[in-house]
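Enquirer: Residue numbers (my numbering): 447 to 705.
Glycine included, each C-beta is placed from N, C-alpha and C at the ideal position.
Mind having a look at this structure? Questions to follow.
Right under this line is the structure:
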């Protein structure tokens, strides 16, 4: 039988709660294809790795009151969920950009059920999402999120997170970045398609006999696809920039949560 001191078990449980909150909301790791048991085991593994390196003063002791302990546990879980949510926003912004572009290219008429996201999206967005995951993992950008998990234990003691109005403002600002990223990424294709539609409109006015409505679908598809392919070499650097921006937002949230 293992003889684990009571305080050590409580400390380990609190570490697990914070880590699991992050893991269950992170992109890729927290998506539905990853079974819940795997996510739990992954959280336990990270908690075991972090336990020896976390400073002893992080754990402020076990509250005597059961209600106070429940509040402390809830705070640890909320910290993890908030950090994972902020980390996920950059992915949502990039996927939203692909969804906007795909819709304008004519993919909006046929959606696919994506099991790992439990949502419907067009085939263009699904392909773009897979490409995003591959670039993210190949550039080892997930290391930034693992580092953020470790930083949270350095800055925020157990049960002493500052959940005031300031952190709410930070979360709203981070959420707004989803729309900024989506507009920045989709702008080149949208501008090209806007000029394409304007040109087709002029042709329709000058040559009324042409069936411009039928021509618009393949034309917008090929123009959008051409601009998208031309943009592919710049994707890794753009994703690194957006992930670095996301990392700065996570650090801002950590500072906001610190007592």
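Are the Cβ atoms of residue 470 and residue 485 separated by less than 7 Å?
Expert: yes
Enquirer: Tell whether a beta-carbon distance below 7 Å holds between residue 666 and residue 552.
Expert: yes
Enquirer: Just mark residue 676 as buried or exposed, buried being the case when its beta carbon has 16 or more other beta carbons within 10 Å.
Expert: With fewer than 16 other Cβ atoms within 10 Å, it is exposed.
Enquirer: Starting from residue 601, trace the alpha helix (DSSP H) in both directions and tell me its first and last residue.
Expert: 588-601
Enquirer: Can you check whether the CB of residue 673 is closer than 7 Å to the CB of residue 645?
Expert: No; because the gap between Cβ atoms is not below 7 Å, this pair is not in contact.
Enquirer: Report yes or no: do the stretch 580-599 and the stretch 650-660 share at least 3 C-beta pairs separated by less than 8 Å?
Expert: no
Enquirer: Given a cut-off of 7 Å, decide if residue 472 and residue 516 are closer than it, judged by their beta-carbon atoms.
Expert: no
Enquirer: Going by beta-carbon coordinates alone, are residue 529 and residue 689 separated by less than 7 Å?
Expert: no
Enquirer: Leaving out five residues on either side along the sequence, give the residues of the same chain with a beta carbon under 8 Å from the beta carbon of residue 685.
Expert: 540, 578, 581, 582, 585, 587
Enquirer: Excluding the five sequence neighbours on either side, which residues of its own chain have a C-beta within less than 7 Å of the C-beta of residue 642, listed in chain order?
Expert: 665, 666, 669
Enquirer: Nearest-angstrom Cα distance between residue 543 and residue 514?
Expert: 44 Å
Enquirer: Please determine, among 546, 616, 631, 570, the residue with the shortest C-alpha to C-alpha distance to residue 681.
Expert: 631
Enquirer: Which runs of the beta strand (DSSP E), 3 residues or longer, sit entirely within the stretch 521-561?
Expert: 557-560
Enquirer: Count the other CB atoms, across all protein chains shown, that sit within 10 Å of the CB of residue 692; report buried if there are 16 or more and exposed otherwise.
Expert: buried
Enquirer: Taking Cβ to Cβ, would you say residue 504 is nearer than 7 Å to residue 604?
Expert: Cβ distance < 7 Å, so residue 504 and residue 604 count as in contact.
Enquirer: Please return the same chain residues whose Cβ sits closer than 8 Å to the Cβ of residue 546, not counting the five positions on each side in sequence.
Expert: 628, 632, 636
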